[in-house]
Every structure is written in structure tokens, then in C-alpha cells.
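Position one of the sequence shown corresponds to residue -3 (the numbering used here), numbered consecutively onward. Accompanying notes for the structure given below.
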Amino acid sequence: MQIINLKDTHLDLPPCVASIGFFDGVHRGHQHLIHSLMQHAKEAEMASMVITFGKHPRQVVQPTFVPQLLTTHEEKLRLLAATGVDYCVVLPFDKEMAAMSAQTFMQKVLKERLNVARLLIGYDNRFGHNRSEGFSDYCRYGAEMGIEVHEATGYEEGGVRMSSSLIRQSLAQGDVRMAHHCLGYAYSLSGRVVKGFEEGRKLGYPTANISMDDIPQIIPAKGVYIVEVEVEDFAQRMVGMTCIGTRPTYGGSHLTVETHILDFSNDIYDKEITIRFVDRIRDELKFDSVEALKEKMREDETITRARVMSW
């Protein structure tokens, strides 16, 4: 996949079949759209192109808006590249572009700069100033300027439509298995390992704490999860138990993401760690004593090891 910078003065692109969207998560609904895009491109003997944004467009028109992201921008690009699409355009979305009508955007950006000959619109997608125009308008504008416009269908499975909002809702409920089903891969968080309060170490369960400043995405609901773990400079696949919560047994109030990696004792402070959520064991609980907490963690470990044996 070639990443296109719209600011380049001499773009010389072949005729393309394109689709535009934020593509947060590149979930199975997005994958379905991109598969359709590539089929269109193959039939038309054109290149395939996805057009996305470096940051959420709403952040430009509403500066106080904080998006609930499923992936970082870098991860999104990696996932888009994995689809096999030919080009990815990351739009430098600013107030000037936000003020463009859909017609102006189609003419000035899609037609003149990116050589889009066919546009595949997601079933629920709108673009242009205030998103005030719809599919029939896009078709009319396209006919005037030589862009063929088609509408894509959503992707459903078992009566469930795959969408970013469903994944966010699932994560907010701690249902990481449903999130995995909709994404097509395990939801993950990454960041540097920083020093915590070290209560886990005293219990025989040392944890790797991810720096909260390094996490721009949605954090799943409080609770204890089975995770797969990747650590910088370590090639082996590892398994862990991640606790997301405020440490209520110790009277804590700040949210933390702490992972105990099974059968691993290396010093990994300041290293990058990625945790992929496999399943949820239980809610976060407040215990009457540290010993009761330790006993529950033993139960969590037993459940985790049993699950690993079934992989």
C-alpha cells in the first residue's frame, strides 16, 4: 500500500476506485467495504484507494471533542495495508477542508487531485460541510464531473451489524470476545511499562503497569482479563492476567492497567508492552483483606492457565 500525501504538488495517480471514511479499528464492516472496493477496482481495471484522516474530523470542527478510539493512527494504517488496497490517502483535514461542500470536495480533491473515477460510499457515511448532503446529492454531483458513485451495503452476521459503535459498547461492558468478533482480531492496548505501587509484587504477582499517558484508545470496563502479551525485545508469546481498575482494596482512586505475565520475571521497566484481550474473568472487586485478594488472584491464575491449555 502506498500512502499518498495530498500536499505533494505533483500527484500523478491512475484512475482509482475510492472510498472515504475514518476507518477506526478497520473492523469487519470496514473490511467488507474494502473488499467490495477492491472488487469494483478489479472489474473496472483501476487502482483501489482508501481515503482517511490523521485525526477525527470532529476534532477540527469541535476542538473539545475527545474521540473514543479503537486504534492508534499507526495501527490503523497497518491494518489498512493488510487489506491489500493499492493507495491510502491521509487527508490533512483542517478548517478550510471542513468548510467545503460535498460538491467542492468531490471536484477539487477527489477528481482533480486524486483522480477518483468511481466512489464507493459506505451505507451510513456522509461528508461535506455539516454533512448536510446525502447519497442522491453525491450521485448528482458525480454525474456532472465524471465520478461514478455507488453505495455499499453494511455487513451483518447473525442479525448483528458490525460497527465501531457496537465495538465501543462491547468494550464499555467488558465484552472483549464480542469486540474480537466484530473487529476480526483481538482488541489491544500498548504503552511503556512504568513503576506502580508494587502491591502485586508483595503478593507474589508482580505487574507491568502501562503508562496511562500512552493509551489514546478506549480502555475496556474495569475487571480482570486474560490477555496475550508482547514485550519489546522478547520474541516469545506470553500469557497474562490484566487488571483494569482503581485498586479499591488499597483505597485507590486512579485508573490503572496492570498485567501479571505468567512464568515471567524479567525487568521490563520502560519497555513497550502490548496486551491483547482474550476473555474477561470477573469484575473488579473490593476485598476485606489483602489475603482475600491474594486468594482470588490464585483463582484467576487457575482459570487463566486452564484457558491457555485449551488454546
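Think of the CB as a built atom: it goes at the ideal place given N, C-alpha and C, for glycine as much as any other residue. None of the values given here were measured: they were computed from a predicted structure.
One or two residues paired with Met45 in a DSSP bridge: Beta-bridge pairing links Met45 to Ala14 and Tyr83.
Can you tell which of Gln213, Lys218, Ser32 and Ala94 has its C-alpha closest to the C-alpha of Val62? Measuring from the Cα of Val62, the nearest candidate turns out to be Gln213.
Using CA atoms only, rank isn't needed, just tell me which of Arg278, Tyr134 and Lys107 is closest to Gly170. Nearest of Arg278, Tyr134 and Lys107 to Gly170, Cα basis: Arg278.
Alpha-carbon to alpha-carbon, Met158 and Arg74: A direct Cα-Cα distance of roughly 20 Å separates Arg74 from Met158.
Identify the continuous beta strand (DSSP E) that holds Thr300 and give its terminal residues. In the DSSP assignment, Thr300 falls outside any beta strand (DSSP E) and within the unbroken alpha helix (DSSP H) covering Val286 to Met305.
Does the beta-carbon distance from Gly187 to Ile211 come in below 8 Å? Result yes, Cβ atoms of Gly187 and Ile211 sit closer than 8 Å.
Take the Cβ of Lys282 as the centre, count every other Cβ of all protein chains shown within 10 Å, and call the residue buried at 16 or more, exposed below. So Lys282 counts as exposed.
Can you give, in chain order, each stretch of the beta strand (DSSP E) that sits fully within the stretch 101 to 130 and has at least 3 residues? Look at the stretch 101 to 130 and you find these whole runs of beta strand (DSSP E), each 3 residues long or longer: 112 to 117.
My assumption, with CB atoms under 8 Å, is that Phe19 sits in contact with His28. Please give the rounded CB distance. The beta-carbon separation of Phe19 and His28, rounded to 12 Å, does not stay under the 8 Å limit for a contact.
Within 10 Å of its beta-carbon, does Val304 have 16 or more other beta-carbons around it, so buried, or fewer, so exposed? Its Cβ having fewer than 16 others within 10 Å, Val304 is exposed.
With distances taken Cα to Cα, identify the nearest neighbour of Tyr221 among Ala94, Ser132, Phe230 and His256. The residue with the shortest Cα to Cα distance from Tyr221 is His256.
For Met234, which of helix, strand or coil comes out of DSSP? Under the three-state reduction of DSSP output, Met234 falls in the strand class.
Mind the definition here: the stretch 31 to 46 touches the stretch 0 to 14 only if three or more C-beta pairs lie below 8 Å; say whether that holds. A contact exists between the stretch 31 to 46 and the stretch 0 to 14.
Touch check for the stretch 131 to 140 and the stretch 93 to 100: three-plus C-beta pairs under 8 Å? Three or more Cβ pairs drawn from the stretch 131 to 140 and the stretch 93 to 100 lie within less than 8 Å of each other, which places the two stretches in contact.
Can you tell which of Thr270, His52, Ile163 and Asn262 has the C-alpha that lies nearest to the C-alpha of His69? Ranking Thr270, His52, Ile163 and Asn262 by Cα distance to His69 puts His52 first.
C-alpha distance - Gly150 paired with Tyr119, whole-angstrom precision: Their Cα atoms are separated by approximately 6 Å.
State the start and end residues of the unbroken alpha helix (DSSP H) segment that holds Val57. Arg54 to Val57 is the span of the alpha helix (DSSP H), which, as asked, contains Val57.
Along the chain, where does the alpha helix (DSSP H) that runs through Gln165 open and close? Here the alpha helix (DSSP H) through Gln165 covers Ser160 to Ala168.
From the DSSP output, which residues share a beta bridge with His146? Answer is Leu116, bridged to His146.
What separation, rounded to the nearest whole angstrom, lies between the Cα atoms of Ile(-1) and Asp8? Taking the straight line joining both Cα atoms gives about 13 Å.
Are the CB atoms of Ile163 and Leu66 within a distance shorter than 8 Å? With contacts defined as CB atoms closer than 8 Å, Leu66 and Ile163 qualify as a contacting pair.
For the alpha helix (DSSP H) that Val172 lies in, which residues bound it at each end? First-last of the alpha helix (DSSP H) with Val172: Val172 to Leu179.
Please state the DSSP three-state secondary structure of Ile271. Look at Ile271 here: in three-state DSSP terms it is strand.
Cutting at 8 Å between CB atoms, please list the residues of its own chain near Gly219, excluding the five before and the five after it. Closer than 8 Å at the Cβ level, and outside the excluded window around Gly219, lie Gly170, Cys239, Ile240, Gly241, Arg276, Ile277, Arg278, Asp279 and Glu280.
Mind checking Glu152: buried by the 16 CB within 10 Å criterion, or exposed? Counting of Cβ neighbours within 10 angstroms places Glu152 among the exposed residues, the total staying below 16.
Closest to Phe273 by C-alpha separation, out of Ser184, Gly50 and Leu167, would be which residue? Comparing Cα-Cα distances from Phe273 to each of Ser184, Gly50 and Leu167, the minimum goes to Ser184.
Could you check where the beta strand (DSSP E) with Ala204 kicks off and where it finishes? Membership of Ala204 in the beta strand (DSSP E) is indicated by the continuous run Ala204 to Ile206.
For Gly187, which beta-bridge partners are listed by DSSP? DSSP links Gly187 through a beta bridge to Ile269.
Closest Cα partner of Met34 within the set Pro202, Asp259 and Ala77: Closest option to Met34, Cα to Cα, is Ala77.
In angstroms, rounded to a whole number, what distance separates the CA positions of Ala175 and Gln64? Ala175 and Gln64 have their C-alpha atoms spaced approximately 14 Å apart.
His256: first and last residue of the uninterrupted beta strand (DSSP E) it sits in: Taken as a continuous stretch (DSSP letters only), the beta strand (DSSP E) holding His256 covers Thr252 to Ile257.
Have a look at Thr245 and Leu199 and give me their C-alpha separation to the nearest angstrom. Their backbone Cα atoms lie some 13 Å apart in a straight line.
Reduced DSSP secondary structure (H/G/I, E/B, other) of Tyr221: Secondary structure of Tyr221 (DSSP, three-state): strand.
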